[in-house]
């Protein structure tokens, strides 16, 4: 869990740097990310639970195709999208992509993996809270990374139309 918290902090530092590079102010980001004001964006970039949706949307807003981090472990997010709607569609595709193949059950993880185990690995109080957070509009980065790590996937990719999201990490 400590490493996932460190990863979120490193990601936030990188996102702030990308915003500065692209000339995107906190005020510029508030509207497209559906936040009330610039102070909400400032809090977003320092709190413990950064959402994966906001990460993708900030990358799209800053026209950043990839973010690579090397500490606390190797991690890379690549996004090919040009609109916030495409970013939302990619998140929807990511949520569905982790479920057991061949089943129509919305919450069914692959055999051998439970929401309780995901919760333990990602810092949630219970499997129910981890499962619920997976489907919320503000799915935490540490939950996404933790779940993909438990799936043992060094690389996970989803596509929605011409948009693409690829997450690469050491497992």
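In the numbering used here, the protein residues as written are 3 to 173. Every residue, glycine too, gets a C-beta built ideally from N, C-alpha and C.
Can you tell me which of the options puts its alpha carbon nearest to the alpha carbon of residue i?
| i | options | result |
| --- | --- | --- |
| residue 63 | 26, 150 and 16 | 26 |
| residue 164 | 131, 151, 88 and 135 | 88 |
| residue 162 | 57, 41 and 94 | 94 |
| residue 133 | 143, 116 and 147 | 116 |
| residue 46 | 81, 10 and 65 | 10 |
| residue 160 | 172, 43, 123 and 82 | 82 |
| residue 57 | 15, 112 and 109 | 15 |
| residue 60 | 39, 97, 49 and 21 | 21 |
Along the chain, where does the alpha helix (DSSP H) that runs through residue i open and close?
| i | result |
| --- | --- |
| residue 121 | 117 to 124 |
| residue 41 | 40 to 46 |
| residue 129 | 129 to 137 |
| residue 26 | No alpha helix (DSSP H) contains residue 26, which DSSP labels as neither H nor E. |
May I ask you to report which of helix, strand or coil DSSP gives residue i?
| i | result |
| --- | --- |
| residue 68 | strand |
| residue 110 | coil |
| residue 100 | coil |
| residue 11 | helix |
| residue 73 | coil |
| residue 1 | Missing from the structure shown is residue 1; the chain here goes from 3 to 173 and no further. |
| residue 148 | helix |
| residue 35 | coil |
What residues match up with residue i in a beta bridge as DSSP calls it?
| i | result |
| --- | --- |
| residue 170 | 78 and 157 |
| residue 142 | 53 |
| residue 165 | 162 |
Leaving out five residues on either side along the sequence, give the residues of the same chain with a beta carbon under 6 Å from the beta carbon of residue i.
| i | result |
| --- | --- |
| residue 1 | Because the chain is modelled from 3 through 173, residue 1 falls outside the range shown and cannot be assessed. |
| residue 71 | 12 and 77 |
| residue 171 | 77 |
| residue 51 | 142 |
Skipping 5 residues on each side, what residues in its chain have a beta carbon closer than 8 Å to that of residue i?
| i | result |
| --- | --- |
| residue 259 | For the chain, the structure presents residues 3 to 173; residue 259 sits outside this window and is missing. |
| residue 126 | 120, 132, 135 and 145 |
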